[in-house]
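Just below is one structure, and these are the notes that go with it.
2 protein chains.
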Amino acid sequence: MAAGLELASLHDSLESPVSESMNFLNEVSHRYPDAISFAAGRPFEGFFDLDGIHHYLETYRRHLMDRYGGDEAAVSRTILQYGRTKGIIHDLIAAHLRVDENITVDPESIVVTVGCQEALYLTLRALRRNDRDVLLSVMPSYVGVHGAAQLVDMPILPVRESGDGIDLDDLVSVVERAKASGLRPRACYVVPDFANPSGTRLSLESRKRMLRIAAEHDFLILEDNPYGLLGDPSGPPTIKSLDGAGQVVYLGSFAKTGIPGARVGYAVADRLVRGPHGGTESLADQLAKIKSMLTVNTSPIAQAVIGGKLLENDHSLRAANTLEIETYRSNLRQMLDGLGSRFGGDGSARVSWNTPAGGFFLLLTVPFAAEDDLLEVCAQRHQVLWTPLHHFYADSTPRNVMRLSFSHLLPHEIEEGLDRLAGFIREQSQD
Amino acid sequence: MAAGLELASLHDSLESPVSESMNFLNEVSHRYPDAISFAAGRPFEGFFDLDGIHHYLETYRRHLMDRYGGDEAAVSRTILQYGRTKGIIHDLIAAHLRVDENITVDPESIVVTVGCQEALYLTLRALRRNDRDVLLSVMPSYVGVHGAAQLVDMPILPVRESGDGIDLDDLVSVVERAKASGLRPRACYVVPDFANPSGTRLSLESRKRMLRIAAEHDFLILEDNPYGLLGDPSGPPTIKSLDGAGQVVYLGSFAKTGIPGARVGYAVADRLVRGPHGGTESLADQLAKIKSMLTVNTSPIAQAVIGGKLLENDHSLRAANTLEIETYRSNLRQMLDGLGSRFGGDGSARVSWNTPAGGFFLLLTVPFAAEDDLLEVCAQRHQVLWTPLHHFYADSTPRNVMRLSFSHLLPHEIEEGLDRLAGFIREQSQD
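Which chain is which? The protein sequence lines are A and B, in order.
For any residue, its number in this note's numbering is found by taking its place in the first sequence, counting from 1, and adding 314.
For any residue, its number in this note's numbering is found by taking its place in the second sequence, counting from 1, and adding 314.
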């Protein structure tokens, strides 16, 4: 065996807290497979149906047979051969956005990607030209945005979170300071509906103001919206639906509303890009060029499965997820009730939590630093898992906050999990 | 509509010849859909079978049912939920490599990727730490390697091609010059079996010498092998099968031997990586960390389709491709015969071609610069497409050489295509 490579000679994302976070969290869940996990942010599995894959494929196949006038070779080629870089279900995605989100976009401005994560990467890769280019993001923030930014060596300037999701006054001052120091803020990443990890939701007024700020300071908004459809339909509209100027790149995912195992997501990127000779293309076309060097195209078989699900539900994923939506709401209620009954009587308020209106997550504040070593102790002694909040800051500074995820749990698991968590917190608070 | 972004403010890969190449080539094939295409390097579609997808999925499902002792929820979760970053069919891929390629590797050193292109990107992203890190590649070279290298801002140092595939004396001098000027050559990219675009094949002796050079100068060999299985089974072994030291990262693809529409490939990366405290992990584990920030995991549905195909063929893709192999061989023979009968009598040898022993491509040298403008003329007047060789140099310098691909054509298309091509070449030679 040869000498081996030095980790220090590889890309520095591999030594970053983000990379170590993901490794650590995966590894803990692996070592305690029987623990109840408030850590995993996965969709509910209770309605998973393998036979559905076959139905969806056949539905999409019939759809193509109609489109191609019965030309079976053309249908096979579309699903089995190398395919269009921007994807094959862009028209169905555009219809879904119209039906479910009141977003009207040209299907040509959609790039179908390998999950939302690839869409995020493509966008950041396009926007990061040199050392001056920086990303803005509310902090704490989804681990994947830290990861994608690191892969393109793009620093993130943190923006303060508020009860409303993002502190827009802070956003403006971060942007102004950055510009004053020669930096070029290219985009602001935000999950306006039920953020990961905080579960917060931006008000309509904040959405509008954020659009105005982005236009004034010439940066894009990267609107990541994996959970919005699973919430109250009378909530505020997506930022993209308020955007008439291509200011928003909308990052879509079918992992929570379609099928996680298809790994299909997309970007809507209708901002115009001017070439050196005055011609224009869309930002989507630029993302497609990058995709052709990265993954070539998204599996058309996987796209066909999602396409079939969209077709069978008249393009509405809200309709397709009636049972799931009820499950997530009920789990959230049970979490809030369960926390109330276990910690609510504590007048000292040493344990507190926020109350999101939807999504997969909430934050629990405890009277001690919720750090990795304690997660290990908790897993071993109490068989319950949670996520230390520092992982969403991409640093190693422990904070007194845990992210609790409840999306994939059954009612009895939530009860038992909260009992175990209460036992652990009592134990720690007495130490 | 807002002002739009300037292309010059986006990542410079978007202004590169590579990006413009891919755009131009796609666009030409789009504008001349009825032309006979010696340009597209796609696998043969004649044996495509959409029903096969269902069979393969069910075969893989039964395989998992056995493994999980009939636990249907575990089977559904494996195929439909977020999955293991390194993939779920690594064991089947390891068995395939043993059966078809005489390569023995720990399944844990395999990362299943979104096509071979992602495997290439992950490897280059890991190896490119700073401005000193460079990639070596025989030139002309597969367009995708230029693309992936550009995404990580990694320059490629060209190595001369020889009739044997790569000029190893030139490799040594390129490496020595690079080191002398402070650069760090991290890897050499090579397609040893039926290279794209040249169709050349490395001899056994060259494979062994290349391994020795890589060990001596401490760089990795990136062995990309999409076509090897489709050639003569008595040909030289893969470089990976000769590698006892983890010197080779083997880049595998199921696009040509499995199903292109699954977009499943993989990297075998068993080189050890030493951490700061002396612990070791495999390079595969590092690639997985990058993948978790890029695409999270490869669609397990797509993996299940490929897994089913491997299972149904006792892990042998050579066995699965009996008909395809005969088709590619027969097409190659027909191309060589057809070129001979059309241009062979020309004693002046103004038109010449190489004679690969397999693969999808050959090179045709013509008495004029085979540039993009002429391709356009040829498409319009003669309805036949080919690829100007400069696209494989990632520059815009026209050369007197065309790449001709014949993998996806039917016999009558080859005859008609060669007639049209001969007409075009006659016309140009008279100009």
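Every residue, glycine too, gets a C-beta built ideally from N, C-alpha and C.
All values reported here derive from a predicted model rather than from experimental measurement.
Length of the line joining the Cα atoms of residue i and residue j
i              : j              : result
residue 414(B) : residue 552(B) : 10 Å
residue 572(B) : residue 341(B) : 27 Å
residue 352(B) : residue 612(A) : 25 Å
residue 568(A) : residue 503(A) : 19 Å
residue 605(A) : residue 706(A) : 27 Å
residue 721(B) : residue 346(B) : 19 Å
residue 588(B) : residue 702(B) : 44 Å
residue 356(B) : residue 570(B) : 8 Å
residue 727(A) : residue 624(A) : 32 Å
residue 520(A) : residue 399(B) : 36 Å
residue 510(B) : residue 454(A) : 46 Å
residue 618(A) : residue 386(B) : 24 Å
residue 540(A) : residue 700(B) : 43 Å
residue 652(A) : residue 378(B) : 37 Å
residue 457(B) : residue 704(B) : 10 Å
residue 489(A) : residue 475(A) : 15 Å
residue 333(B) : residue 607(A) : 8 Å
residue 584(B) : residue 505(B) : 19 Å
residue 437(B) : residue 609(B) : 14 Å
residue 645(B) : residue 730(B) : 13 Å
Short CB-CB distance (under 9 Å) between residue i and chain A
i              : result
residue 536(B) : no
residue 282(B) : It is not possible to answer for residue 282(B), since the shown part of chain B is limited to 315 through 745.
residue 396(B) : yes
residue 698(B) : no
residue 376(B) : no
residue 407(B) : no
9 Å Cβ cutoff, residue i in contact with chain B
i              : result
residue 332(A) : yes
residue 701(A) : no
residue 632(A) : no
residue 553(A) : no
residue 315(A) : Per-residue confidence for residue 315(A) stands at a pLDDT of 45, beneath the threshold of 50, marking its modelled position as unreliable; no derived number is given.
residue 621(A) : no
residue 614(A) : yes
residue 578(A) : yes
residue 521(A) : no
residue 464(A) : yes
residue 517(A) : no
residue 320(A) : yes
residue 627(A) : no
residue 326(A) : yes
Residue range of the beta strand (DSSP E) that includes residue i
i              : result
residue 588(A) : 586-588
residue 301(B) : The requested residue 301(B) does not occur in the structure, where chain B is confined to residues 315 to 745.
Exposure label - residue i; buried when at least 16 CB within 10 Å
i              : result
residue 628(A) : exposed
residue 694(B) : exposed
residue 447(A) : buried
residue 744(A) : exposed
residue 635(B) : buried
residue 344(B) : exposed
residue 591(A) : exposed
residue 315(B) : Here the model assigns residue 315(B) a pLDDT of 45, short of 50, so the residue's position is not dependable and the matter cannot be decided.
residue 361(B) : exposed
residue 326(A) : exposed
residue 538(B) : buried
Extent of the continuous alpha helix (DSSP H) run through residue i
i              : result
residue 437(A) : 429-441
residue 644(B) : 636-657
residue 738(A) : 725-744
residue 622(B) : 614-626
residue 417(A) : That residue, residue 417(A), is in no alpha helix (DSSP H); it is neither H nor E in DSSP.
residue 338(A) : 331-345
Chain-ordered residues of the region 712-725 of chain A with a beta carbon less than 8 Å from chain B: none
Short-range partners of chain A found in the region 429-444 of chain B, where Cβ spacing is below 8 Å: 429, 431, 432, 435, 439, 440, 441, 442 and 443
Interface positions of the region 597-608 of chain B facing chain A (Cβ-Cβ less than 8 Å), listed along the chain: 597, 600, 603, 604, 606, 607 and 608
Short-range partners of chain B found in the region 330-354 of chain A, where Cβ spacing is below 7 Å: 333, 336 and 337
Residues from the region 562-592 of chain A in contact with chain B, defined by Cβ distance under 8 Å: 569, 573, 574, 575, 576, 577, 578, 585, 586, 587, 588, 589 and 590
The region 355-374 of chain B: positions lying closer than 8 Å to chain A by Cβ: 356, 357, 359, 362, 363, 364, 367, 368 and 371
Members of the region 467-498 of chain B near chain A, C-beta cut-off 7 Å: none
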